[in-house]
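All residue numbers for the sequence shown refer to my numbering, where the first residue is 93 and numbers rise by one.
A short worksheet on the structure shown next.
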Amino acid sequence: MLNHTKPTLLISNVLPARPGDEAYNNICMRLWDRLLEAALPTWNVIREYAQEDGAEGATLRASAADAIIIMGGEDVHPAHYGAFQGYKREGRHWYRADLGQLALVDYAARTGTPLLGICRGMQIINTAFGGTLEQDIADGTHSNPTILSDHRFVRHSVRVDADSHLERALAPVLVDSCLTISSAHHQRVARLGDTLRVSAYAPDGTVEAIESPDAPIIGVQWHPEDPADDIAQLRCLLGHLDARRVPRLEKASTTLVA
Numbered sequence: 093m094l095n096h097t098k099p100t101l102l103i104s105n106v107l108p109a110r111p112g113d114e115a116y117n118n119i120c121m122r123l124w125d126r127l128l129e130a131a132l133p134t135w136n137v138i139r140e141y142a143q144e145d146g147a148e149g150a151t152l153r154a155s156a157a158d159a160i161i162i163m164g165g166e167d168v169h170p171a172h173y174g175a176f177q178g179y180k181r182e183g184r185h186w187y188r189a190d191l192g193q194l195a196l197v198d199y200a201a202r203t204g205t206p207l208l209g210i211c212r213g214m215q216i217i218n219t220a221f222g223g224t225l226e227q228d229i230a231d232g233t234h235s236n237p238t239i240l241s242d243h244r245f246v247r248h249s250v251r252v253d254a255d256s257h258l259e260r261a262l263a264p265v266l267v268d269s270c271l272t273i274s275s276a277h278h279q280r281v282a283r284l285g286d287t288l289r290v291s292a293y294a295p296d297g298t299v300e301a302i303e304s305p306d307a308p309i310i311g312v313q314w315h316p317e318d319p320a321d322d323i324a325q326l327r328c329l330l331g332h333l334d335a336r337r338v339p340r341l342e343k344a345s346t347t348l349v350a
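Written as structure tokens, this is what we have:
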């Protein structure tokens, strides 16, 4: 039962579980549990599965939420950013899930609903704004090949740009504008989406965070919900979603006028 004194957070996943992949599902459950640990004290949480809901269903669920998180998962289908299948380390794609999560970004941009994209979620944001992805990072520096067995993320620093929404969100945990993060991705932003700005870089130049100057939308390429990381970082991001949310009645009025 929802606690009506708390705001509602919609968390979007691709699927309830990846078929036939227990190791992958185990690490996803660890990440989910960590996110719940950080969110439940101050949020009602609704979980949605984009492959089941599609664009219409995801948008309907978003209309009952005060903020949205799009979590990590499978690669975005390359058709969404004008590229082709057949690339190195390509996995299975879930086209309907892509459409559902792209619709969530569109909804957030139209209604001013705060949205955080994590890993794949950041790539969905970039794609929704017309950007493209590098399909496989050749040197493998951002992912651990044994992560499914040892649950260890690659750890490296990022530098957060001054005067960004991300900097304001993470200010309590930044040291000289830097943060050590947990990484597990083999794709990254190639061309930045229209109107977006980069708000964090890795030492090798990889885009590690993006945000919209016009809507409360932030994406981080890393995993703040890694259980081995300090939970304070995740709580800062959740607090930023809360700080930027619009009262739902006001949001509904704005949407109707538009």
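Where is the CB? At the ideal position from N, CA and C, for every residue including glycine.
DSSP puts L101 in a beta bridge; with which residues?
V137 and A159
Going by DSSP in three states, L240 sits in which element: helix, strand or coil?
Residue state, collapsed to three classes: helix.
Rank Q313, R247 and R283 by C-alpha distance to the C-alpha of G223 and give the top, closest one.
Out of Q313, R247 and R283, R283 has the C-alpha closest to the C-alpha of G223.
Mind checking which residues open and close the alpha helix (DSSP H) that includes T219?
R212 to A220
Looking at the structure shown, is E259 part of a helix, part of a strand, or coil, going by DSSP?
E259: helix per DSSP, three-state reduction.
Quick one: any contact between the stretch 212-232 and the stretch 168-179, if contact means 3 or more CB pairs under 8 Å?
yes
With three or more beta-carbon pairs closer than 8 Å as the criterion, would you say the stretch 126-135 touches the stretch 318-326?
Contact holds between the stretch 126-135 and the stretch 318-326, because three or more Cβ pairs, one in each stretch, are under 8 Å apart.
Could you check how far apart the C-beta atoms of E300 and R289 are, in whole angstroms? I think they sit under 8 Å.
That pair is no contact at about 13 Å.
Nearest to I273 by CA position, among P316, D125 and A147, is which residue?
P316
Going by CA-CA distance only, name the one from C211, D158 and R202 that's closest to P339.
D158
Relative to the C-alpha of L208, which candidate in P319, A109, I161 and L194 has its C-alpha closest?
I161
Who are the Cβ neighbours of L258 in its own chain at under 7 Å, not counting the five residues just before and after it?
V252, S291, A292, A301, E303 and I310
Quick one: complete alpha helix (DSSP H) runs, 4+ long, within the stretch 264-302?
If only complete runs of 4 or more residues are kept, the stretch 264-302 shows no alpha helix (DSSP H) anywhere.
Using only the heavy atoms of the ligand SAH, determine whether one of them is closer than 6 Å to the beta carbon of D231.
Among the components of this structure there are no ligands whatsoever, and the ligand SAH is therefore not found.
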